[in-house]
Each structure stands twice: as structure tokens, then as C-alpha cells.
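>
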């Protein structure tokens with residue numbers, strides 16, 4: 014190939030370019046004109062770091078420990094919001110800081126940049142193992158009314174994740190080596206690692222301090238909110254009320270349309286975990302959630318209560334009705350958004366048609382293609398068998414789900430590579446619609462086949478997101494794949510038992526204020542609708558569904574026409590109907606607050622800018638991690654596990 018390109022690309026923005034000067038990469042012209050063999054050979058000669066330590070015992074153990082801990086934060090956030098958050102950058106900062114401190118006190122040596130990269134592959138894989146536990150599996154339990162035995166869930170989630178990895182690695186050549194899609198979250202992790210390990214360590218230690226500060230504040234507040242903990246510490250006078258509005262009810266009862274606000278679920282939570290979550294969402298998602306929450310809980314809910322359509326009070330009873338318009342809006346918005354970008358679909362399959370050189374220049378360090386060629390049918394057969402014996406999915410319906418995984422992987426990986434957004438919800442709903450026609454009335458088959466495609470697609474996209482920073486920094490892709498699989502087992506062995514401890518076989522806790530499970534509610538609602546038809550839904554809810562569906566399309570059409578500048582997202586507005594109002598409010602406030610910080614503190618030399626703007630993601634990650642871990646402990650106390 015021609016001479017190596019300059020170490021920066023004019024296609025990058027000025028900010029990113031200045032931060033990533035140490036990372037060599039091809040120019041847009043070279044990306045367009047070089048063959049795959051030329052690109053691989055250039056990478057081998059100019060980026061690959063040879064035998065630098067990467068998947069070592071200490072990097073693996075660190076990834077397992079951090080991944081296990083951070084997977085619990087995702088479990089908590091998923092239970093509250095239905096979302097999962099990336100933990101890669103958080104784990105990179107923690108590992109770097111921990112080994113930097115150990116090195117300074119003479120108890121070890123610094124991690125190499127590739128050891129840190131291998132560690133984040135393990136930690137990230139572990140962190141995403143929560144997805145089926147907050148979506149398809151609790152939805153199945155809600156539909157059947159009985160818990161799934163733990164011994165079935167453990168191999169099920171592991172097998173689905175490994176299936177996703179096996180589908181993903183053959184796609185690596187096309188999407189990373191050849192097309193070199195950005196995979197924004199992975200790219201950010203690569204830049205962070207490059208900066209940390211290229212500097213004197215001061216930046217990494219600052220990030221670690223910011224992370225620790227956020228975690229300490231959030232965890233401390235969670236402990237102060239617990240009456241059990243404060244009584245145990247013999248300091249009940251220091252107890253912080255769970256809701257800021259609680260003292261008001263000692264003097265009077267705030268009402269709306271004659272209904273107490275507490276009956277509408279309208280309260281102000283003192284926890285800051287969801288505030289940190291909102292800080293990572295962005296202003297558009299925050300405003301959308303706030304708009305949906307205000308309309309749902311302050312307008313629609315009291316109206317439906319006065320009409321007698323919504324019976325009872327509180328989140329559980331309100332969401333039984335309101336989720337229908339919310340789910341309709343999310344479904345049409347996500348599907349319209351996805352299919353309104355035909356270049357994603359066409360481009361994904363065009364990239365798979367071949368091209369490039371025939372010689373496998375990197376064959377000695379890539380995961381052999383034979384692993385996927387043998388692994389997909391073997392693990393796929395295992396998944397189909399478990400689906401049949403565990404969940405009653407007919408053999409032919411289970412077998413059909415496997416090629417669907419391949420098709421959806423191509424689409425989802427392309428979307429993730431371009432935007433960092435994996436359309437898991439859209440993929441799951443497309444599967445539900447498919448099986449609604451193939452197996453009408455069978456809700457369990459509908460849910461579990463959708464679980465196969467959604468969870469495998471999620472892991473496929475996540476693996477390539479992990480591989481991206483390794484490609485940037487010159488790591489061995491084979492070792493990253495092994496690390497990802499280690500992370501799958503590490504995450505499953507931690508989050509599955511903790512998940513079962515949290516509800517202790519009591520499925521009735523799902524959709525309660527303690528375990529709201531918004532994603533599971535959406536999955537169940539779609540399955541029930543496809544099984545029973547529109548006649549099973551209250552007439553008012555049917556009208557609400559129609560309006561919600563039209564608004565979902567309208568919002569996304571407006572976003573398309575205005576090139577993303579329309580202030581509302583259909584998915585964000587609809588999501589507010591299946592999340593408690595306190596969580597909606599906290600996330601919205603967090604998004605708006607950090608948006609204001611970004612505009613108020615513009616001077617990069619000021620401490621406020623360095624903490625609240627430059628390290629926003631780090632601070633928010635700390636707030637989430639500290640509060641979520643203590644939150645899980647408090648849920649275990651509440652359910653009697655630790656009582």
C-alpha cells in the first residue's frame with residue numbers, strides 16, 4: 014500500500030482531532046480507495062502493537078470484578094427505566110486509577126494500554142448482561158404468572174450472548190477493518206485510554222476523583238434515605254425523607270382536580286441516581302420525558318380517574334391504561350425512525366456483498382472464521398432446544414429465529430456503528446409482529462423468540478463496539494473476543510442471582526413501585542395485544558393507541574424534516590408512560606441541569622468546567638454507580654433478604 018497517512022484526519026472535528034493525535038488512522042480518501050488487504054496490511058505495520066501485554070491474568074480479574082460490580086448498576090437502572098448504560102469508560106478510569114495508585118505505593122505496576130482495553134472488553138460484556146433480566150424474561154413471568162427457575166435463566170442468557178458474539182465476529186472484517194465505521198462509544202473509549210496512558214496520569218486521577226465524588230454523594234444520600242439503616246446506626250434524626258414532598262402531607266394534601274397528587278404518583282424523589290442518568294441522556298431526551306410525564310400524570314391520569322376508566326391509584330393502576338398510548342407511540346416512532354433511513358438497510362447489506370482483497374493478512378490474530386461457522390449452528394441448536402424445553406417454543410418457530418438474528422445483526426450493527434444506537438426495541442417488536450402472524454395467540458412464543466433476536470443482536474453490536482477501541486489502539490482482536498466471552502460469564506454469574514434475590518420468586522413485585530420494570534411492561538403489552546387483538550383493550554385506550562401511534566410517526570417525521578432539530582422524541586415521550594413520575598422528573602432535571610452547566614461554564618480553565626462539563630460523563634457514571642449499588646442493597650433489605 015501507499016505510505017502511511019498522517020496521524021490525524023481532516024474528517025475529524027477540531028476537538029476530537031486534538032485529543033486523538035496519538036492514534037494513527039486512515040484518511041477518508043484511503044478508506045474509500047484502498048482494498049481490505051491494503052487496509053489490513055497498513056494496520057498491521059502502523060497500528061498493531063505486537064506482543065504488548067493485554068489479556069493477562071490481572072486484566073481479566075480486574076475486568077471480572079469491575080464488570081460484576083458495574084453490571085449491578087445497570088440492573089438497577091434497567092429495573093427503574095428499562096435502559097442499559099455503557100460501562101466501558103467508567104471501568105477504564107477505575108482500572109487505570111487503581112493500578113496507578115498501586116504502582117505509586119510499590120504494590121504493582123501500571124496497566125498497559127492494551128491490558129486496560131482487554132479489561133474494558135470484559136467489563137462491558139458483563140455490564141450488558143442485564144438486558145434480558147429487565148425485558149423479555151420478566152415479561153414472560155408476568156404473562157405466565159410464575160417465575161422461571163434460576164437454573165434455566167442462567168444458561169439461557171449465556172447462550173444468547175454467545176450466539177450474538179458468534180454472529181458478530183464475521184461482521185468485524187467488513188464493518189471495522191474495511192468500512193471502519195465510527196462506533197462512537199467505542200471510539201470515545203479508545204480516545205480516553207489513549208489520553209490516560211499518554212499523559213502523566215494526572216488526568217486519570219482527576220477523573221477517578223470525580224467518579225468517586227459522584228459515587229460517594231449518591232451512595233451517602235441513599236443510605237440517609239433508609240430508615241432501617243439510620244436506625245441501625247442509631248441516628249434516626251439524620252434520616253432524609255424518601256420524597257421531598259413528604260413533609261407537606263403533615264399540614265395539607267396537595268390535590269389536582271380533587272385527586273391527591275400522591276394518588277397520581279406525582280412526587281419528588283430525594284435520590285439522585287436518576288438525575289445522573291438524565292445527565293447522560295441529553296437535553297432532547299430529557300425534555301421529551303418531561304413532556305410525556307406531565308401530560309400522562311397531570312392531565313390524562315386524573316381525567317381517566319374521574320371518568321372511572323382508571324380504577325385505583327398509584328403507578329401500577331395508572332400505567333395499566335396509559336402504557337397503551339405510550340407503547341403505540343414508541344413502536345411507531347422507533348419503526349418509522351428506523352425505516353425512514355433506507356441507507357442504513359441498503360448500506361448494511363451492500364457492505365456484506367464482499368469486496369476487498371482475498372488474502373487474510375490478519376489471519377494469525379483474528380478469531381478464526383471456523384469458530385463462527387461451527388459455533389452458530391451448535392449454539393443456535395442449543396438455544397432452540399432450550400426455547401422448546403424451557404418455554405414451550407415449537408421447534409420450527411425456534412429454528413426460524415436463528416436466521417432472523419443474522420438479518421437483524423447486519424442491520425443493528427450498521428446502526429450502532431454509525432450512531433451508537435442499537436435498535437434493540439425495533440428488532441424485538443419486528444420479531445413480535447412476525448411471530449404474531451406465525452403463532453397467533455401464543456404470547457410465550459412471541460416473547461421468547463423476540464428475546465432470542467433482541468438479546469443476540471444486542472451482544473453482537475456490543476462486541477463490535479468493544480472491538481473498535483482495540484482496533485484503534487492495535488490490540489489482538491482474538492484476545493478481545495475471548496475477553497468478551499469471559500465478561501458474559503462474569504456478568505451472568507453476578508446479576509442473575511442478585512436479580513432473583515431482589516424479587517424472591519414473587520412475580521407480583523414486577524410493575525410495583527419497588528420494581529417498575531418498564532421494558533417488561535412494553536414487551537408484555539405488545540404480546541397481549543397481538544394475542545388478544547384490539548377488542549381486549551378498553552375503547553378509550555384504543556383511541557389513545559391510535560392517537561399515540563399517529564403522534565409517534567408525526568414526531569419522527571418532524572425530526573426527519575428538521576434534521577433532528579425538532580425538540581421532542583416519540584420514544585422519549587412514550588417512555589414516560591411506563592416510568593414512575595419521580596424517575597421521569599429526576600431524569601429530566603438531570604438532562605436540563607447538565608445542559609445548563611455546559612452553557613454556563615464555558616471557560617476550560619475553571620474548576621466547574623473541568624468537573625461539570627469536561628467530566629460530565631464521569632461524574633454522572635459515579636452518581637449512578639454509587640447510588641445504584643446501595644439501591645440494590647436497600648431493595649434486598651425491603652424484600653427481606655438482608656432483613
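In my numbering, the protein residues as written are 14 to 656. Virtual Cβ for every residue (Gly too), placed ideally from N, Cα, C.
#1: Could you round the C-beta distance between residue 136 and residue 74 to whole angstroms and report it? I think they count as a contact, below 8 Å.
#2: Please list, in chain order, all residues of the same chain as residue 375 whose beta carbon is under 6 Å from its beta carbon, the five residues on each side excluded.
#3: What does a CB cutoff of less than 7 Å around residue 266 pick up in its chain, not counting 5 residues either side in sequence?
#4: Name the DSSP bridge partner or partners of residue 448?
#5: Across the segment 196–203 and the segment 477–492, are there enough close Cβ pairs to call them in contact, namely three or more that are closer than 8 Å?
#6: Using a 10 Å radius around the Cβ and a threshold of 16 neighbouring Cβ atoms, would you call residue 453 buried or exposed?
#7: If you run the structure through DSSP and keep just helix, strand and coil, what is residue 416?
#8: Pull up the distance between the alpha-carbon of residue 578 and that of residue 507, whole angstroms please.
#9: Which runs of the alpha helix (DSSP H) at least 4 residues long sit entirely within the segment 108–146? Give them in chain order.
#10: Check whether the Cβ atoms of residue 500 and residue 80 sit closer than 9 Å, and answer yes or no.
#11: CA-CA distance, residue 285 and residue 234?
#12: Grouping DSSP H, G and I as helix and E and B as strand, with all else coil, what is residue 200?
#13: So is residue 576 buried or exposed if we call it buried at 16+ other beta carbons inside 10 Å?
#14: Rounded to whole angstroms, what's the CA-CA distance from residue 292 to residue 632? Just pull it up for me.
#15: I'd like the span of the alpha helix (DSSP H) that includes residue 244, first residue to last.
#16: Using the Cα positions of residue 231 and residue 71, report the straight-line distance between them to the nearest angstrom.
#17: On the three-pair Cβ rule with 8 Å, is the segment 595–604 touching the segment 291–305?
#18: Taking only the alpha-carbon atoms, compute the straight-line gap between residue 51 and residue 422 and give it to the nearest angstrom.
#19: Taking its Cβ as the centre, do 16 or more other Cβ atoms sit within 10 Å of residue 211, making it buried, or is it exposed?
#20: Express the C-alpha separation of residue 582 and residue 644 in angstroms, rounding to a whole number.
#21: Taking residue 248 as the reference, give the member of 237, 312, 391 with the closest Cα.
#22: With distances taken between CB atoms, is the gap from residue 156 to residue 348 smaller than 9 Å?
#23: State the beta-bridge partners of residue 273 as determined by DSSP.
#24: With a threshold of 16 other CB atoms inside 10 Å of the CB of residue 300, please say whether the residue is buried or exposed.
#25: Measuring alpha carbon to alpha carbon, tell me which of 618, 121, 558, 88 ends up nearest residue 513.
#26: From residue 634 to residue 55, what distance separates their C-alpha atoms?
#27: Closer than 6 Å by C-beta to residue 344: which residues in its own chain qualify, once you throw out the five before and the five after it? Chain order, please.
#28: If I measure Cβ to Cβ from residue 276 and keep anything under 6 Å in the same chain, skipping five residues before and after, which residues do I get?
#29: Tell me the rounded alpha-carbon separation between residue 37 and residue 313.
#30: With a threshold of 16 other CB atoms inside 10 Å of the CB of residue 34, please say whether the residue is buried or exposed.
#31: Which value, in whole angstroms, describes the spacing of the CA atoms of residue 160 and residue 516?
#32: Go ahead and label residue 149 buried or exposed: buried means 16 or more other beta carbons lie within 10 angstroms of its beta carbon, across all protein chains shown.
#33: Return the chain-ordered ranges of every alpha helix (DSSP H) run that is complete within the segment 502–555 and spans a minimum of 4 residues.
#34: Work out the CA separation of residue 279 and residue 68 for me, nearest whole Å.
#35: Pick helix, strand or coil for residue 479, following the three-state DSSP scheme.
#36: Locate the alpha helix (DSSP H) running through residue 164, then write down its first and last residues.
In terms of the structure at hand:
#1: 11 Å between Cβ atoms; not a contact.
#2: Correct list, in chain order: 53.
#3: If you ignore the 5 residues before and after residue 266, its C-beta comes within less than 7 Å of the C-beta of 273, all in its own chain and listed in chain order.
#4: None; residue 448 has no bridge partner.
#5: Counting Cβ pairs under 8 Å, three or more are found: they touch.
#6: That one is exposed.
#7: The three-state secondary structure of residue 416, taken from DSSP, is helix.
#8: The C-alpha of residue 507 is placed about 41 Å away from the C-alpha of residue 578.
#9: Entirely contained in the segment 108–146, the alpha helix (DSSP H) runs reaching 4 residues are, in chain order, 126–140.
#10: In this structure, residue 80 lies closer than 9 Å to residue 500 by Cβ.
#11: Looking at the two C-alpha atoms, the distance is approximately 8 Å.
#12: Shown here, residue 200 sits in a helix according to DSSP, grouped into three states.
#13: Residue 576 is exposed by the Cβ-count criterion.
#14: Near 9 Å, if we compare the C-alpha coordinates of residue 632 and residue 292.
#15: For residue 244, the enclosing alpha helix (DSSP H) has its first and last residue at 240–245.
#16: Taken atom to atom, the span from the alpha-carbon of residue 231 to that of residue 71 is near 29 Å.
#17: Segments in contact, yes.
#18: Those two C-alpha atoms are separated by around 26 Å.
#19: Its Cβ having fewer than 16 others within 10 Å, residue 211 is exposed.
#20: The C-alpha of residue 582 is placed about 29 Å away from the C-alpha of residue 644.
#21: When only C-alpha atoms are compared, the closest one is 237.
#22: Not closer than 9 Å, so no.
#23: Beta-bridge pairing links residue 273 to 268.
#24: Classification of residue 300: buried, given that the 10 Å Cβ count is 16 or more.
#25: If we check each option's Cα against that of residue 513, 88 comes out closest.
#26: As the crow flies, the alpha-carbon of residue 634 is around 36 Å from that of residue 55.
#27: Short of 6 Å from the beta carbon of residue 344, and not among the five residues preceding or following it, lie these beta carbons of its own chain, in chain order: 442.
#28: Contacts found: 326.
#29: Roughly 55 Å between the two C-alpha positions.
#30: Here the model assigns residue 34 a pLDDT of 41, short of 50, so the residue's position is not dependable and the matter cannot be decided.
#31: Per the coordinates, the alpha-carbon of residue 160 lies some 10 Å from the alpha-carbon of residue 516.
#32: Under the 10 Å beta carbon count, residue 149 is surrounded by 16 or more other beta carbons and is classified as buried.
#33: Listed in chain order, they are 531–545.
#34: Cα to Cα, residue 68 sits roughly 49 Å from residue 279.
#35: It is helical.
#36: Counting along the chain, residue 164 sits inside the alpha helix (DSSP H) bounded by residues 163–185.
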